[in-house]
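Numbering (the working numbering), first residue to last: 21 to 131.
Take a look at the structure set out below.
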């Protein structure tokens with residue numbers, strides 16, 4: 021009976037100590053990194069985006085001329101000859117029926 025009391029007391033003490041000192045061995049969580057932000061007005065943003073665009077647009081390139089369609093239509097390929105149907109395999113021969121079993125002879129009793 022005493023052994024059960026000591027076991028219960030020891031386990032309760034272990035749980036209480038773990039609740040008190042449990043976080044001692046854990047590392048601290050990583051710090052949150054922040055970034056510096058600057059607030060600008062709409063006019064400043066427009067000036068920044070205008071400066072980012074190139075001053076000249078690319079010269080217009082003439083599109084290559086479209087290919088002229090042929091006067092005669094393309095020849096149609098000849099249809100392929102259909103493959104001949106395979107010859108059906110002859111049916112397998114039927115097996116011969118097994119002979120009827122003969123009855124066992126009666127045992128002869130010793131004289």
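Note that the Cβ used here is the ideal one computed from N, Cα and C, for glycine as well.
This structure is a prediction, so every number in the text was calculated from the model and none was measured.
Item to complete: Reducing DSSP to helix, strand and coil, say where residue 81 ends up.
Response: If DSSP states are grouped into helix, strand and coil, residue 81 belongs with coil.
Worksheet item: Per DSSP, what kind of secondary structure is residue 107 in: helix, strand or coil?
Response: Residue state, collapsed to three classes: coil.
Discussion item. Please report whether the beta-carbon of residue 36 lies at a distance below 7 angstroms from any beta-carbon of chain C.
Written reply: Absent from the structure is chain C; it holds one protein chain and no more.
Worksheet item: Start and end of the alpha helix (DSSP H) containing residue 41?
Response: Unbroken alpha helix (DSSP H) run through residue 41: 22-41.
Practice prompt. Could you give the DSSP three-state label for residue 86: helix, strand or coil?
Written response: Three-state result, residue 86: coil.
Fill in: Cα-Cα separation, residue 123 to residue 113
Cα to Cα, the separation comes out at about 30 angstroms.
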